[in-house]
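Residue numbers (our numbering), protein chains in the order written: chain A, 6 to 185; chain B, 6 to 185.
Where is the CB? At the ideal position from N, CA and C, for every residue including glycine.
Written below as structure tokens is the structure these notes are about.
2 protein chains.
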Amino acid sequence: MAHITSSVEYAIHCLLYLVGSGDTPLSSRDLAELQGVSPSFLAKIFPRLEKAGIVAASEGVRGGYVLARPAEAVTFLDVVDAVEGDKKLFDCQEIRGRCALFEGDPPGWATKGVCGIHAVMLSAEKAMRDSLARTTLADVAAGFGRKAPKSFYADLSDWMDGRIRARASPRRARPEEGAG
Amino acid sequence: MAHITSSVEYAIHCLLYLVGSGDTPLSSRDLAELQGVSPSFLAKIFPRLEKAGIVAASEGVRGGYVLARPAEAVTFLDVVDAVEGDKKLFDCQEIRGRCALFEGDPPGWATKGVCGIHAVMLSAEKAMRDSLARTTLADVAAGFGRKAPKSFYADLSDWMDGRIRARASPRRARPEEGAG
DNA sequence: GATAACGCGGATAAAACCTGTCTGCGTTTT
DNA sequence: AAAACGCAGACAGGTTTTATCCGCGTTATC
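Structure (structure tokens):
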């Protein structure tokens with residue numbers, strides 16, 4: 006179990022697909038099946054992104070999610086905080102005040118200010134967060150765009166269209182697509 | 006549950022006491038009771054510090070631990086790695102290769118090199134680790150030394166001596182110290 | 001207007017991890 | 001010989017993460 010969880014990983018992969026989908030909403034089910042992850046689990050992650058103002062939801066048939074902000078305005082830190090809440094890197098238990106010499110009543114000099122150990126951890130957490138805030142969805146999407154062939158985006162669009170068409174008129178769907 | 010755990014917190018607090026104890030070994034039991042933490046739990050942490058070459062153990066009666074290196078040569082990162090092993094900030098599940106369009110056989114362009122998302126997380130992890138590597142036990146011990154009154158170190162020494170004496174000749178120990 | 005797709009929220013369960021306890025063993029000082 | 005000490009392993013309880021299921025309200029399509 007890592008500090009930055011699979012939930013964040015799923016979220017960012019989905020958001021990168023949303024970068025490419027523009028104004029067309031993508032449902033969490035389609036995104037889950039496209040990537041081979043659990044649809045019901047993904048469905049629990051998206052509301053957090055919506056509450057954080059990262060995606061916008063549209064309900065009902067043909068509903069789904071679109072990015073609520075330009076991809077340049079969504080950092081990795083935004084996504085981590087949205088999905089995981091304010092999870093601390095380190096949880097100081099104020100052990101400095103428990104020293105037996107204090108007999109349950111620690112003096113002011115021992116408990117004033119931030120614990121010296123805690124301060125080091127907070128500094129490390131800040132370094133991590135600053136680093137995460139330096140990269141946006143647009144940065145990673147651009148990097149992917151340089152690797153993927155042009156045909157990939159067309160194929161992706163076809164796949165999504167295929168799913169929508171298949172649901173609209175099931176009789177016309179190809180048999181191997183209907184199974185599953 | 007934080008990424009940097011209580012085990013690390015306990016370890017560093019103990020190591021700071023070892024900075025002050027010099028060549029006199031301190032037992033994990035005494036360190037635990039001094040700080041009001043679980044002796045049996047602390048006893049599971051010290052062997053990891055010993056394997057990492059941070060402390061040196063001496064067995065038998067009057068045994069215990071001393072720093073194996075100067076306090077200036079022990080960074081917070083050393084302690085974190087020793088206690089937690091190589092715990093990753095993020096565990097990439099290579100979701101990029103699972104895209105349904107690849108039909109189970111992802112092309113080279115999709116899986117070559119480090120996943121773009123993973124790369125961002127690795128960069129954040131490096132920033133955190135670099136930050137942790139910048140502070141040593143000596144730094145924090147010095148900061149504490151500036152806050153604590155001189156009498157604290159004498160009192161601490163007396164407390165440790167008292168425990169050793171109490172065990173050496175229980176009849177001479179003060180009644181309230183013998184309890185517990 | 002019925003149906004089905006969709007987002008939303010809560011209840012639930014399984015797995016992993018962290019904390020903490022206990023026991024037995026070998027070593028060393030007293 | 002006894003007691004203090006480090007060491008290793010087994011074990012239990014609590015929390016977090018992952019995952020599933022169900023029912024509800026909303027909306028486009030037939």
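If you follow the alpha helix (DSSP H) that alanine 48 of chain A is part of, which residue opens it and which one closes it?
What you label residue 48 of chain A is simply residue 43 of the first sequence in a count that begins at 1. Note, alanine 48 of chain A: alpha helix (DSSP H), 44-56.
Assigned secondary structure, glycine 167 of chain B (DSSP; H/G/I helix, E/B strand, else coil):
On the second sequence, residue 167 of chain B is found 162 positions in, with the first residue counted as 1. It is helical.
Determine the closest residue to alanine 106 of chain A out of B:Trp164, B:Arg168 and B:Leu31, with distance taken between C-alpha atoms.
Translated into the one-based positions of the first sequence, residue 106 of chain A becomes position 101. A small fix is needed here, since residue 106 of chain A is leucine in this sequence, not alanine. Among B:Trp164, B:Arg168 and B:Leu31, the Cα nearest to that of leucine 106 of chain A belongs to B:Trp164.
Short check: CB of valine 24 of chain B to CB of alanine 143 of chain B, under 9 Å?
On the second sequence, residue 24 of chain B is found 19 positions in, with the first residue counted as 1. On the second sequence, residue 143 of chain B is found 138 positions in, with the first residue counted as 1. A contact, by the Cβ cut-off of 9 Å.
Closer than 8 Å, Cβ to Cβ, to anything on chain B: give me those residues from the stretch 68-97 of chain A, in chain order.
Phe81, Lys92, Lys93, Leu94, Phe95, Asp96 and Cys97
Are glutamine 40 of chain B and cysteine 104 of chain A close, meaning C-beta to C-beta below 9 Å?
Start at 1 with the first residue of the second sequence, and residue 40 of chain B comes out as number 35. Start at 1 with the first residue of the first sequence, and residue 104 of chain A comes out as number 99. Against a cut-off of 9 Å, the Cβ pair of cysteine 104 of chain A and glutamine 40 of chain B comes out as a contact.
Closest by C-alpha distance to valine 125 of chain B, when choosing among A:Cys120, A:Gly102, A:Leu137 and A:Ala115
The residue given as residue 125 of chain B occupies position 120 in the second sequence. That would be A:Leu137, whose Cα lies nearest to the Cα of valine 125 of chain B.
Taking three-plus beta-carbon pairs below 8 Å as touching, is the stretch 78-89 of chain A in contact with the stretch 52-60 of chain A?
yes
Counterpart residues of alanine 7 of chain A in DSSP-defined beta bridges:
Residue numbering aside, residue 7 of chain A sits at position 2 when the first sequence is read from its first letter. Note: alanine 7 of chain A sits in no beta bridge, so no partner.
Please name the residue in B:Pro30, B:Leu72, B:Lys93 and B:His18 whose C-alpha comes closest to that of alanine 7 of chain A.
Position 2 of the first sequence, counting from 1, holds the residue named residue 7 of chain A. It is B:Lys93 whose Cα lies nearest to the Cα of alanine 7 of chain A.
Compare the Cα-Cα distances from histidine 18 of chain A to each of A:Gly121, A:Ala171, A:Thr141 and A:Arg168 and report the closest residue.
Position 13 of the first sequence, counted from the start, is the residue given in the question as residue 18 of chain A. The shortest C-alpha separation from histidine 18 of chain A is found at A:Thr141.
Starting from the Cα of aspartate 166 of chain B, find the closest Cα among B:Val79, B:Pro154 and B:Leu36 and give me that residue.
Along the second sequence, one-based indexing puts residue 166 of chain B at 161. Of B:Val79, B:Pro154 and B:Leu36, the residue nearest in Cα terms is B:Leu36.
Identity of the residue in A:Ala48, A:Leu31 and A:Ile59 nearest valine 66 of chain A by Cα:
Counted from its first residue, the first sequence places residue 66 of chain A at position 61. It is A:Leu31 whose Cα lies nearest to the Cα of valine 66 of chain A.
Which same chain residues, not among the five before or five after aspartate 61 of chain B, have their C-beta less than 8 Å away from its C-beta?
Counting from 1 along the second sequence, the entry for residue 61 of chain B is found at position 56. In the sequence as displayed, the identity of residue 61 of chain B is alanine instead of aspartate. Taken in chain order, the residues that qualify are Glu55, Tyr70, Val71, Leu72 and Ala73.
If you follow the beta strand (DSSP E) that glycine 69 of chain A is part of, which residue opens it and which one closes it?
Within the first sequence, residue 69 of chain A is the residue found at index 64, counting from 1. Under the DSSP assignment, glycine 69 of chain A falls in the beta strand (DSSP E) whose first and last residues are 69-72.
For alanine 129 of chain B, the first and last residue of its enclosing alpha helix (DSSP H)
Residue mapping note: residue 129 of chain B aligns to position 124 of the second sequence, counting from 1. That run of the alpha helix (DSSP H) goes 121-138.
Taking buried to mean at least 16 other C-beta atoms within 10 Å of its own C-beta, is isoleucine 59 of chain B buried or exposed?
In the second sequence, residue 59 of chain B corresponds to position 54, counting from 1. It is buried - the Cβ of isoleucine 59 of chain B has at least 16 other Cβ atoms within 10 Å.
Threonine 141 of chain A - partner residues in DSSP beta bridges:
As a first step, residue 141 of chain A must be located in the first sequence, where it is residue number 136. DSSP output for threonine 141 of chain A lists A:Thr80 as bridge partner(s).
DSSP three-state assignment for alanine 61 of chain B, whether helix, strand or coil
By one-based count along the second sequence, residue 61 of chain B stands at place 56. Taken through DSSP and simplified to helix, strand or coil, alanine 61 of chain B comes out as strand.
What does a CB cutoff of less than 6 Å around arginine 134 of chain A pick up in its chain, not counting 5 residues either side in sequence?
As a position in the first sequence, residue 134 of chain A is number 129, starting the count at 1. Excluding five sequence positions before and after arginine 134 of chain A, the CB atoms of its chain that fall closer than 6 Å to its own CB belong to Leu82, given in chain order.
What's the gap between the Cα of arginine 179 of chain B and the Cα of glutamate 108 of chain A?
Reading the second sequence from its first residue, position 174 is the one you call residue 179 of chain B. Reading the first sequence from its first residue, position 103 is the one you call residue 108 of chain A. Summary for arginine 179 of chain B: the model assigns pLDDT 42, below 50, so the residue's position carries little reliability; its value from the coordinates is reported in the next sentence. Going from the Cα of arginine 179 of chain B to the Cα of glutamate 108 of chain A covers about 16 Å.
Three-state secondary structure (DSSP) of leucine 205 of chain B:
The structure shown does not extend to residue 205 of chain B, since chain B is modelled only from 6 to 185, so the question has no answer here.
Taking isoleucine 59 of chain B as the query, report the chain A residues whose CB atoms sit under 9 Å from its CB, ordered along the chain.
In the second sequence, residue 59 of chain B corresponds to position 54, counting from 1. Those do not exist, as isoleucine 59 of chain B stays about 15 Å from chain A at its closest Cβ, beyond 9 Å.
Let me know the secondary structure DSSP gives leucine 31 of chain A once reduced to three states.
Here residue 31 of chain A corresponds to residue number 26 of the first sequence, with the count starting at 1. Residue state, collapsed to three classes: strand.
Are the beta-carbon atoms of valine 145 of chain A and leucine 21 of chain A separated by less than 9 Å?
By one-based count along the first sequence, residue 145 of chain A stands at place 140. By one-based count along the first sequence, residue 21 of chain A stands at place 16. A contact, by the Cβ cut-off of 9 Å.
Using 8 Å for Cβ pairs, my map puts glycine 148 of chain A next to glycine 121 of chain B. What's the rounded Cβ distance?
Counted from its first residue, the first sequence places residue 148 of chain A at position 143. Counted from its first residue, the second sequence places residue 121 of chain B at position 116. With 8 Å as the limit, glycine 148 of chain A and glycine 121 of chain B qualify as a contact, their Cβ atoms being about 5 Å apart.
What residues of chain A sit near threonine 140 of chain B, judged by a beta carbon separation below 7 Å?
Here residue 140 of chain B refers to the residue found at position 135 when the second sequence is read from its first residue. Ordered by position in chain A, the residues that pass the 7 Å Cβ test against threonine 140 of chain B are Val125.
Residue environment, serine 43 of chain A, which counts as buried when at least 16 other CB atoms sit within 10 Å:
Along the first sequence, read from residue 1 onward, the residue named residue 43 of chain A stands at position 38. Answer is exposed; the Cβ neighbour count stays below 16.
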